[in-house]
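Taking the numbering used here, the leading residue of the sequence shown gets 3, the next gets one more, and so forth.
First the structure, in the form of structure tokens, and then the observations on it.
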Amino acid sequence: MTLLFVSEPDPGTEWRSALEAARPGLPVRVYPDTGPIEAIRYALVWRPPAGLLAGLPNLQVIFSVGAGVDGILSDGNLPPGKPLVRMVNPGLTGDMVEYVTCHALRWHCEVEAHAANQAQGKWAPRRRKPFEATSIGILGLGVIGEACARALVPFGFAVRGWSRSQKRIEGVDCHAGHDALPDFLSACDLLVCLLPLTGETRGILCAENFAHLPQGAYLINAARGGHLAEADLIPAMEAGRLSGATLDVFETEPLPAGHPFWTHPAITVTPHDASMTPIAAGARYVAGQIERFEAGLPLENLVDFKRGY
Ligand code: NDP
Ligand code: OXD
Numbered sequence: 003m004t005l006l007f008v009s010e011p012d013p014g015t016e017w018r019s020a021l022e023a024a025r026p027g028l029p030v031r032v033y034p035d036t037g038p039i040e041a042i043r044y045a046l047v048w049r050p051p052a053g054l055l056a057g058l059p060n061l062q063v064i065f066s067v068g069a070g071v072d073g074i075l076s077d078g079n080l081p082p083g084k085p086l087v088r089m090v091n092p093g094l095t096g097d098m099v100e101y102v103t104c105h106a107l108r109w110h111c112e113v114e115a116h117a118a119n120q121a122q123g124k125w126a127p128r129r130r131k132p133f134e135a136t137s138i139g140i141l142g143l144g145v146i147g148e149a150c151a152r153a154l155v156p157f158g159f160a161v162r163g164w165s166r167s168q169k170r171i172e173g174v175d176c177h178a179g180h181d182a183l184p185d186f187l188s189a190c191d192l193l194v195c196l197l198p199l200t201g202e203t204r205g206i207l208c209a210e211n212f213a214h215l216p217q218g219a220y221l222i223n224a225a226r227g228g229h230l231a232e233a234d235l236i237p238a239m240e241a242g243r244l245s246g247a248t249l250d251v252f253e254t255e256p257l258p259a260g261h262p263f264w265t266h267p268a269i270t271v272t273p274h275d276a277s278m279t280p281i282a283a284g285a286r287y288v289a290g291q292i293e294r295f296e297a298g299l300p301l302e303n304l305v306d307f308k309r310g311y
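Written out as structure tokens, the structure is:
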């Protein structure tokens, strides 16, 4: 009854202690030290090597270290019929609420423009647009997107959201479905991407969709690098369609040295740390799901393989 932890380059030491504390008696191995593979019943993973999970003959449940499971589903050879449980955790959600709120306010308060003026010794007061005249649109109203939308409402921003199925969230103008996207985008002064990366959402942040945004809109992508058609971003800024972007995620991570995003004055780069699963709470969540599984109760937060999230 072993759990295999696979999250390179994380050495796994903290996760192992936390898992052993949360479920005493559960042996935990950290990849590549698998021990006898016949003993492995559970795997807790973040971007496992392709084919690894299919090679575990007695694997029963796969757990994701993160909320997004694209790095697991991209293994085209997952063991058939094995459930995949994604990470849902208030700390993980709360960190993203903090990140999105921080960068939305930074944009709204024009912190960068003030810093540029200060660098030139320039005293140049700026009148801010009222909150209620400023629209923020969230792509993805799942666990994390909904929490971010709810957190922005009390500031007075006009908050809108877009998802696959129709939502009702107090104070949020909710839109749903592919056909509603252009109209949704047309009123987003700030667009925040919090979608899962799937075949349907890959490349959604592209020139064609930027064209629907108000001139000078700002972008925050804290979901996955694959959502952004990277080659479309700087041209959209040069055309004035976008005024800038805060990016936490990239097609290639770490963002390669010399990539133009590193030095572009209107782009803020953060190193995929908008939010992270808190280890102790994440371990307790996995232990709780194992307990449910062994008691014959249904697992929670299961990934729908057809939808891809
Ligand atoms: P959820 O699965 O709870 O929510 C996903 C949302 O996206 C749902 O509202 C869903 O709609 C919507 N959606 C999915 N596909 C489509 C589509 N084709 N068209 C319209 N809407 C769609 O995910 P979470 O909120 O937990 O996480 C979202 C993502 O955030 C993760 O997948 C991950 O990529 C990213 N993330 C990034 C982190 C970072 O540090 N940068 C940290 C944590 C997460 P519906 O509700 O109708 O199903
Ligand atoms: C996640 C992430 O999906 O950290 O949880 O990106």
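Think of the CB as a built atom: it goes at the ideal place given N, C-alpha and C, for glycine as much as any other residue.
Name the one or two DSSP bridge partners that residue i has.
| i | result |
| --- | --- |
| L5 | V30 and Y44 |
| R162 | G139 and D175 |
| F65 | L46 and V87 |
| Y220 | L192 and G246 |
| I269 | A247 |
| L154 | BP columns for L154 are empty, so no partner. |
| P304 | The residue asked about is misnamed: residue 304 is Leu in this sequence, not Pro. L304 pairs with V87. |
| L207 | L230 |
Given a cut-off of 9 Å on the beta-carbon distance, is the pair residue i and residue j in contact?
| i | j | result |
| --- | --- | --- |
| W48 | S76 | no |
| L183 | C150 | no |
| A283 | P92 | yes |
| Y220 | T265 | no |
| T254 | H105 | no |
| L5 | V288 | yes |
| I146 | A238 | no |
| R162 | F186 | yes |
| I64 | P85 | yes |
| P273 | P258 | no |
| E293 | V87 | no |
| A285 | L21 | yes |
| I315 | L193 | The chain is shown only over 3 to 311; residue 315 falls outside these bounds and no answer can be derived. |
| A160 | A115 | no |
| R7 | R25 | Reading the sequence as shown, one finds Phe at residue 7 and not Arg. Cβ distance not < 9 Å, so F7 and R25 don't count as in contact. |
| A268 | D250 | no |
| G144 | P216 | no |
| F212 | D234 | yes |
| D72 | T136 | no |
| G142 | W109 | no |
| L80 | L55 | yes |
| A45 | G78 | no |
May I have the straight-line CA-CA distance separating residue i from residue j, to the nearest angstrom?
| i | j | result |
| --- | --- | --- |
| R204 | R309 | 13 Å |
| G158 | I140 | 15 Å |
| R43 | C111 | 51 Å |
| L299 | S277 | 30 Å |
| T279 | W125 | 42 Å |
| E148 | F295 | 28 Å |
| A153 | V99 | 7 Å |
| A41 | Y33 | 14 Å |
| G227 | D275 | 13 Å |
| R130 | F307 | 45 Å |
| T103 | M3 | 42 Å |
| G218 | L28 | 54 Å |
| Y311 | E134 | 33 Å |
| T15 | G179 | 43 Å |
| D175 | I206 | 20 Å |
| Q120 | G260 | 27 Å |
| I281 | W17 | 6 Å |
| N60 | P50 | 17 Å |
| T36 | T200 | 30 Å |
| A209 | E232 | 10 Å |
| F263 | V90 | 30 Å |
| E10 | H214 | 39 Å |
| I236 | G57 | 43 Å |
| L230 | Y101 | 19 Å |
| F173 | I138 | According to the sequence as given, residue 173 is Gly; it is not Phe. The straight-line gap from Cα to Cα measures roughly 12 Å. |
| R128 | S19 | 52 Å |
| Q62 | L107 | 44 Å |
| V113 | Q291 | 43 Å |
| P13 | G96 | 25 Å |
| S167 | A297 | 32 Å |
| P132 | H177 | 24 Å |
| E202 | G246 | 25 Å |
| Q122 | V155 | 35 Å |
(request) Starting from the N-terminal end, write out each residue whose C-beta falls within a distance shorter than 5 Å of any non-hydrogen atom of the ligand OXD. (result) G68, A69 and G70
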